[in-house]
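Engineer: Pasting in a structure now, in structure tokens, and then I'll have a few things to ask.
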Amino acid sequence: PSCSKNAPASTTINSGTLSAEAMNVDNLKRFIDLNLGSWKGSFHQFDSNGHLLHRIDTKLAASSYGEEELISLIQSLYIKQPPLNSSTDSEDESEWFEYKIKETNMFTVDKYQQIGFFPKEKAFALRYQTAGMLETVIRQGVLGEDDTGEESPRNLKLPSRRPAVVCENCLYSLERDLRLRAFHILDPQGKLEMLLLFLEERGSKTIQHPALVDPSSSNEAAVLFDRIIPHLGTWKGRSVTKRSGVYGATIAEADTTASLEMDERGHLFQEIKSRSSGSEVTTTVQWNGSASDNLATFEGGFQLTLLPGGIYMGCPIDVAKSIQEFNSFHLELCWSESPGRRQRLVRTYDVEGLAVSSTYFVETK
2 PSCSKNAPAS
12 TTINSGTLSA
22 EAMNVDNLKR
32 FIDLNLGSWK
42 GSFHQFDSNG
52 HLLHRIDTKL
62 AASSYGEEEL
72 ISLIQSLYIK
82 QPPLNSSTDS
92 EDESEWFEYK
102 IKETNMFTVD
112 KYQQIGFFPK
122 EKAFALRYQT
132 AGMLETVIRQ
142 GVLGEDDTGE
152 ESPRNLKLPS
162 RRPAVVCENC
172 LYSLERDLRL
182 RAFHILDPQG
192 KLEMLLLFLE
202 ERGSKTIQHP
212 ALVDPSSSNE
222 AAVLFDRIIP
232 HLGTWKGRSV
242 TKRSGVYGAT
252 IAEADTTASL
262 EMDERGHLFQ
272 EIKSRSSGSE
282 VTTTVQWNGS
292 ASDNLATFEG
302 GFQLTLLPGG
312 IYMGCPIDVA
322 KSIQEFNSFH
332 LELCWSESPG
342 RRQRLVRTYD
352 VEGLAVSSTY
362 FVETK
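Quick note: the sequence shown uses our numbering, first residue 2, plus one each step.
Laid out in structure tokens, this is it:
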């Protein structure tokens, strides 16, 4: 729960280090440049307990047009459909369904997407009003031409038509031209419905990155151990917090130390220390929790869904309860791409569902 309601690293702003940095034209250009190109990858759908439901190959082509404040990012997502003949599965004979993503420009990034962008760190967070794009990926990648448009197709779990929150957090690899785009889908009641991941590499001719699957094991305890072990230990690093444009753009930095320990019974202890730049005061917050069935659940109602590939995604167990108690809430993505180094991105929302801030962490064990 490093993004729990009391987490100082993601919510404390030191007034002595603030500076204005709105989503201006230069930042929009940098955001577009970060996304340009041809991306090949795979889409993974997990249920709320971190069980893999579907894996689908995808391609994405991104380009831009216009100049200055009229510049726009246009993207087409190509979804590999299941072969009509199970005996043919070659790249040449596969059918790809094209989905045109809505343009991104000066108007959309603030009004609809409420973007949180970190140009130097190569990370961003976006808000979506619907899960239409993600539903299309699942339908086309699993059903293909057999899709009859049923409300609840057989053996298919689709996102709610009116989700409470659809949040995308994106982290770029520190080692290669690879990125992880992760989506939290919260149902109309404010509870986690599913988690969706795109793992994409730019410019590659084939999908070379490892699939997000567990080592072959039917033992739930072994799977849980494999998924949580990358995150245990003490992590030291630095965080950068940016407010969204709705509240007036600001920026703050802090030195952070996060530790997570687990005993032989699956009991968890987490401690977060944070010291804002220009301050001599260190804030410490501690939580107790437990781990089971791919979930790390902490007191106060926050949980981490542990995924393969050194990834976890965090969110409140019940967002509606947070809103009823007039508390902000947080969604988190953590990616430990290689042992001993990780990135985290935390998106903070107010009780009305507006993005208040985004916080980026880079840490070493």
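All C-beta atoms in this analysis are idealised placements derived from N, C-alpha and C, irrespective of residue type, glycine included.
Could you work out which residue in 230, 124, 340 is closest to residue 1 when comparing CA atoms only?
Structural biologist: The structure shown has nothing for residue 1, since the chain only spans 2 to 366.
Engineer: Just tell me which of 81, 302, 65 has its CA closest to the CA of residue 44.
Structural biologist: Position 43 of the sequence shown, counted from the first residue, corresponds to residue 44. Of 81, 302, 65, the residue nearest in Cα terms is 81.
Engineer: Are residue 149 and residue 100 touching if we call contact CB-CB under 7 Å?
Structural biologist: Residue 149 sits at position 148 when you count from the first residue of the sequence shown. Residue 100 sits at position 99 when you count from the first residue of the sequence shown. No, these two residues do not count as a Cβ contact at 7 Å.
Engineer: Is DSSP giving residue 72 helix, strand or coil here?
Structural biologist: Working through the sequence shown from its first residue, we reach residue 72 at position 71. If DSSP states are grouped into helix, strand and coil, residue 72 belongs with coil.
Engineer: Can you pull the DSSP bridge partners for residue 244?
Structural biologist: For the purposes of this step, residue 244 is taken as the residue at position 243 of the sequence shown. 358.
Engineer: So residue 109 is in the alpha helix (DSSP H); what residue range does that whole segment cover?
Structural biologist: Residue mapping note: residue 109 aligns to position 108 of the sequence shown, counting from 1. From DSSP, the alpha helix (DSSP H) with residue 109 extends over 107-112.
Engineer: Going by the CB atoms, is the gap between residue 65 and residue 106 shorter than 7 Å?
Structural biologist: The residue you call residue 106 lines up with position 105 of the sequence shown. The residue you call residue 65 lines up with position 64 of the sequence shown. No.
Engineer: With a threshold of 8 Å on Cβ separation, who are the neighbours of residue 296 within its own chain once the five nearest residues in sequence on each side are excluded?
Structural biologist: As a working note, residue 296 is residue 295 in the sequence shown. Cβ within range, chain order: 50, 51, 304, 305, 306, 307.
Engineer: Counting along the chain, where does the alpha helix (DSSP H) carrying residue 157 start and finish?
Structural biologist: Position 156 of the sequence shown, counting from 1, holds the residue named residue 157. From DSSP, residue 157 is part of no alpha helix (DSSP H); its letter is neither H nor E.
Engineer: Grouping DSSP H, G and I as helix and E and B as strand, with all else coil, what is residue 366?
Structural biologist: Against the sequence shown, residue 366 aligns to sequence position 365. Of the three classes helix, strand and coil, the one that applies to residue 366 here is coil, per DSSP.
Engineer: Identify whether residue 226 lies in helix, strand or coil by the three-state DSSP scheme.
Structural biologist: Working through the sequence shown from its first residue, we reach residue 226 at position 225. The answer is helix: DSSP assigns residue 226 an H, G or I state.
Engineer: Would you kindly work out how many angstroms separate the C-alpha atoms of residue 248 and residue 196, rounded to a whole number?
Structural biologist: Residue 248 sits at position 247 when you count from the first residue of the sequence shown. Residue 196 sits at position 195 when you count from the first residue of the sequence shown. Confidence at residue 248 is low in this model, with a pLDDT of 48, below 50, so its placement is unreliable and no value can be given for it.
Engineer: For the beta strand (DSSP E) holding residue 258, just list the boundary residues, first then last.
Structural biologist: Against the sequence shown, residue 258 aligns to sequence position 257. Looking at the DSSP string, the run of the beta strand (DSSP E) that includes residue 258 is 252-263.
Engineer: Using 8 Å for Cβ pairs, my map puts residue 323 next to residue 351. What's the rounded Cβ distance?
Structural biologist: Numbered from its first residue, the sequence shown carries residue 323 at position 322. Numbered from its first residue, the sequence shown carries residue 351 at position 350. With a Cβ gap of about 10 Å, residue 323 and residue 351 do not count as contacting.
Engineer: Which partner residues does residue 32 have in the DSSP bridge list?
Structural biologist: Along the sequence shown, read from residue 1 onward, the residue named residue 32 stands at position 31. DSSP, once it has assigned bridges, lists no residue as partnering residue 32.
Engineer: Tell me where the beta strand (DSSP E) around residue 213 begins and ends.
Structural biologist: In the sequence shown, residue 213 corresponds to position 212, counting from 1. Segment: none, residue 213 is in no beta strand (DSSP E) and carries neither H nor E.
Engineer: With DSSP collapsed to three states, give me the class of residue 318.
Structural biologist: Locating residue 318 in the sequence shown gives position 317, where the first residue counts as 1. Correct three-state label for residue 318: coil.
Engineer: What's the call for residue 25, buried or exposed, on a 16-neighbour Cβ count within 10 Å?
Structural biologist: Taking the sequence shown and counting its residues from 1, one reaches residue 25 at position 24. It is exposed - the Cβ of residue 25 has fewer than 16 other Cβ atoms within 10 Å.
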